[in-house]
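Shown next, in structure tokens, is the structure this report addresses.
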Amino acid sequence: MEIQELASKRVDIQKKRFYLDVKQSSRGRFLKIAEVWIGRGRQDNIRKSKLTLSLSVASELKDCLGDFIEHYAHLGLKGSQSHRNEHPNGKEQDSRRRQHHPPSPPVSVGSEEHLHSVLKTEYIERDNRKYYLDLKENQRGRFLRIRQTLIRGPGMIGYFGHSLGQEQTIVLPAQGMIEFRDALVQLIEEYGEGDIEERRSGGDEPPELPEGTSFRVDNKRFYFDVGSNRYGIFLKVSEVRPPYRNTITVPYKAWTRFGENFIKYEEEMRRIYNGHKEKRMDIRGDSGEEQEGLD
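Mapping to numbering that gives the first Met the number 0: the sequence shown position 19 is 18, numbers consecutive.
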């Protein structure tokens, strides 16, 4: 079976373009990420890097990106606080581990400066490969380097039909991690069921799920739909105001935290509203007493 391209998305971040292509071979579906860096002048050459991974690894990469986005959001301005390697929410995943001192990176776009500091690092081990994720900082800014290394020897034919003799690396500017993650999520949601090899090894019956619901607020309607795929159960929340539609997907393991935060903010806003209401009533009462005194 020839390799077929099923879908493609493009993400532009600063001077770089990232192409996310879902492809299919006889072994199943996989994701190819191409990084294209265009120089500042016409005489500069176009540089290109790539990364190839199965959709199961892409799903873990998506979860890792969420951790890095959260960590990056707490860092603040460059150099404003000390850098620490930490895992903010302590997620437990069998295939994901921490590496405090990763090997020196190969020369690539975004890591050409030899002076840099590591802000956070993780790695994924799957499909006889390791994928290192390093959030770094140098004089040009902060960036996420994703580097794939091979566990087995070179010269063998891999899952994606090409030789396993070389490493693959892409470098993502930190400011674009959210946009990159969102594009990845859309592709996984639409094409994640096509990983034939893993789907055959499953065999579990689909879980019983609650029915969806919706309600209207002013000129918007909100939809809540529970779904599942081999990555687990999720809640899809859609905000619809024709012709616009915005959707987020919340994994089952995050429902409790989402619920707790919704309740927290609802209670806090109720307290704030009640406080304002009491103040207005006190002001009206004081005004009434002053008016009676004048009469």
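Where a beta carbon is used, it is the ideal one built from N, C-alpha and C, also for glycine. Quick caveat, the model's predicted, so the values are computed rather than measured.
A residue is called buried when at least 16 other Cβ atoms come within 10 angstroms of its Cβ; Phe214 does not meet this threshold and is exposed. Burial check for Val216: the Cβ neighbour count within 10 Å stays below 16, so the residue is exposed. Cβ neighbours of Leu234 within its own chain (closer than 6 angstroms, five residues either side excluded): Val225, Val249. Under the three-state reduction of DSSP output, Asp217 falls in the coil class, being neither helix nor strand.
For the pair of segments examined, the segment 254 to 263 was found not to touch the segment 273 to 282: the number of CB pairs separated by less than 8 angstroms stays below three. Classified as buried, Tyr130 has 16 or more neighbouring CB atoms from the shown chains inside 10 Å of its CB. Note on geometry: alpha-carbon atoms of Lys119 and Tyr71 lie some 9 angstroms from one another. Looking from the CA of Gly231, the closest CA among Arg16, Ser58, Gly211 belongs to Ser58. Shown here, Lys278 sits in a helix according to DSSP, grouped into three states. Boundaries of the beta strand (DSSP E) harbouring Gly140: 140 to 149, taken from the DSSP string. Taking 8 angstroms as the upper bound for CB-CB distance, Ile32 and Leu19 are in contact here, some 6 angstroms apart. Burial check for Asp66: the Cβ neighbour count within 10 Å reaches 16 or more, so the residue is buried. In summary, Lys135 is buried, with 16 or more beta-carbon neighbours lying within 10 Å of its beta-carbon over all protein chains present. One Cα belongs to Thr168, the other to Arg270, and the distance between them is close to 51 angstroms. Counted as a single uninterrupted DSSP element, the beta strand (DSSP E) harbouring Gly27 occupies residues 27 to 36. Beta-bridge partners of Phe179 (DSSP): none assigned. DSSP, reduced to helix, strand and coil, places Lys47 within a strand of the structure shown. Tyr71 has no beta-bridge partner at all, per DSSP. Nearest to Lys49 by alpha-carbon distance, out of Glu124, Gln23, Asn127, Lys15, is Lys15. The three-state reading of DSSP puts Gly211 in coil, since its state is none of H, G, I, E or B. DSSP, reduced to helix, strand and coil, places Lys61 within a helical segment of the structure shown. If you look at Ile2, you'll find it isn't in any beta strand (DSSP E); DSSP assigns it neither H nor E.
Taking 7 angstroms as the cut-off, the beta carbon of Val56 is found closer than this to the beta carbon of Arg125.
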